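Have a look at the structure below before the remarks.
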Amino acid sequence: MNLPVLSHFNPKSRQKILPQKPLISALDLGWQSFNFDYYEHDSHETPIYLQEHHTIALSLSEIKTERKLDGRYRQEQQYSGSVAIIPATFEHWCVWKKTGKFAVLSIKPDALAKIAPETVNPEHIELLPKFSQPESDYFITGLVMGIKQQLEINPEGCDFYAEHLKNALFAHLIQNYCSLEYRFKDYDDGLPPYKLKQALNYINDHLDETIKLKDIADLLDISQYYFCRLFRNSIGVSPYRYVIQQRVDKAKKLMANSNLPLSDIAFECGFSSQSQMTQHFSKLVGVTPKKYRNLL
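Note that the sequence shown ends on residue 296 in the working numbering; no numbers are left out.
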């Protein structure tokens, strides 16, 4: 029997698996190797199908399901945080008999191999299938809720944040749900000084633009995962946190030395909106930008 090969990266294809549209989706944001969908889907039975990408299904409600995965059948009791893993090209079928809340993380297979080539032999990495269990994966749950919150608040301005979460997810999957062959290197000392200077200069020269981890990692000729790890070892904070700190510092200087409206300052500093600037500014400085300017 020739089974259909479907994809969560394609809305028409996705609808053949899950006919109700997701309440939240990153599909229109152009993320290349990774997608996020959040559903509150009525009772449903999927067809038997294959998919061209990996899928991580995270339950966010208590629900009983039945699943066939790679020719095996199991009845599942899921709770919030229960994880099922359906690798690319694995035969899959699932049914649930009441409304379920769940997130679907879709990952293109070659993306996992690229996450940390310094450590993982890309020719010997395999995501393993997993039926859902009552136990929660708190790491994936927290990551999913972080993505969901950002997409609800500010979908257009969360690309850099999402890149960090994506890399964290991939590293977690490699560590806990993959069969792989390790290459060992010691990277605990941080970035070499000249590479750190390159990274800092790039960030500060592009604060008013969209900054992508991939661009910085490519500049330094290392993977995104190791760039994040080495940067944190060098600076003490993640690249994402450093960028936010620098944008807030730039905003403080512009408030002190110009009469620009706060909305213009937000865009000058690379924030997607004044509300996003206010959110990060208040968290780091302790007062809103408006109150800070009044105190000057």
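Ideal Cβ positions, reconstructed from N, Cα and C, are used throughout, including at glycine.
All figures in this text were calculated on a predicted structure; none of them were measured in a lab.
Identity of the residues DSSP links to residue i by a beta bridge
{"i": "ARG74", "result": "ARG67"}
{"i": "GLU5", "result": "The amino acid at residue 5 is misidentified as Glu; the sequence shows Val. Bridge partners of VAL5: LEU50."}
{"i": "THR55", "result": "ILE86 and SER106"}
{"i": "GLU40", "result": "LYS101"}
{"i": "ASN35", "result": "SER106"}
Identity of the residue in the options nearest residue i by Cα
{"i": "PHE9", "options": "LEU105, ILE147 and VAL83", "result": "LEU105"}
{"i": "CYS269", "options": "LYS212, ASN257 and LYS250", "result": "LYS250"}
{"i": "ILE222", "options": "GLN276, LYS195 and VAL237", "result": "LYS195"}
{"i": "GLY146", "options": "ASP37, GLN15 and SER258", "result": "ASP37"}
{"i": "PHE227", "options": "LYS253, LEU200 and LYS252", "result": "LEU200"}
{"i": "LYS130", "options": "ASP189, GLY190, ALA266 and ILE86", "result": "ILE86"}
{"i": "VAL83", "options": "ALA256, TYR49, VAL144 and LEU23", "result": "VAL144"}
{"i": "PRO261", "options": "ARG14, SER238, ASN176 and LYS290", "result": "LYS290"}
{"i": "GLN133", "options": "ASP215, ARG67 and ASN259", "result": "ARG67"}
{"i": "LEU58", "options": "LEU3, SER13, GLU135 and PRO19", "result": "GLU135"}
{"i": "HIS164", "options": "PRO19, VAL237 and LEU220", "result": "VAL237"}
{"i": "ILE125", "options": "ALA103, GLN150, GLN224 and GLN175", "result": "GLN175"}
Neighbourhood of residue i by C-beta, 7 Å cutoff - its chain only, sequence neighbours within 5 removed
{"i": "SER61", "result": "SER80, GLY100 and LYS101"}
{"i": "PRO109", "result": "HIS53, HIS54 and ALA88"}
{"i": "VAL248", "result": "HIS280, PHE281, LEU284 and VAL285"}
{"i": "PHE173", "result": "As written in the sequence, residue 173 is Leu, which differs from the Phe given in the question. LEU112 and LEU127."}
{"i": "ASP186", "result": "Any answer about ASP186 is weak, because its pLDDT of 49 lies below 50 and its placement is not dependable; what the coordinates show is given next. Closer than 7 Å at the Cβ level, and outside the excluded window around ASP186, lies no residue."}
Proximal residues to residue i (C-beta, below 6 Å), its chain only, five neighbours per side dropped
{"i": "LYS21", "result": "none"}
{"i": "ILE17", "result": "LEU6 and THR46"}
{"i": "PHE231", "result": "PRO239"}
Contacts around residue i, its chain only, beta-carbon distance under 8 Å, and the 5 residues preceding and following it disregarded
{"i": "THR288", "result": "THR278, PHE281 and SER282"}
{"i": "ILE64", "result": "The amino acid occupying residue 64 in the given sequence is Lys; Ile does not appear at that position. Taken in chain order, the residues that qualify are GLN75, GLU76, GLN77, GLN78, TRP96 and LYS97."}
{"i": "GLN15", "result": "LYS21"}
Examine the Cβ distances between the stretch 93-105 and the stretch 31-48 and report whether three or more of them are shorter than 8 Å.
yes
With three or more C-beta pairs closer than 8 Å as the rule, is the stretch 138-158 touching the stretch 66-78?
no
Quick one: which unbroken beta strand (DSSP E) runs of 3-plus residues sit fully inside the stretch 93-169? Chain order, please.
100-107 and 120-127
Does the contact criterion of 3 or more C-beta pairs under 8 Å hold for the stretch 257-273 versus the stretch 154-166?
Touching, yes.
Between the stretch 234-246 and the stretch 200-212, are three or more C-beta pairs nearer than 8 Å?
yes
Only counting runs of 3 or more residues, tell me where the beta strand (DSSP E) segments fall wholly within the stretch 189-230, in order along the chain.
Counting whole runs of 3 or more residues, the stretch 189-230 contains no beta strand (DSSP E) stretch at all.
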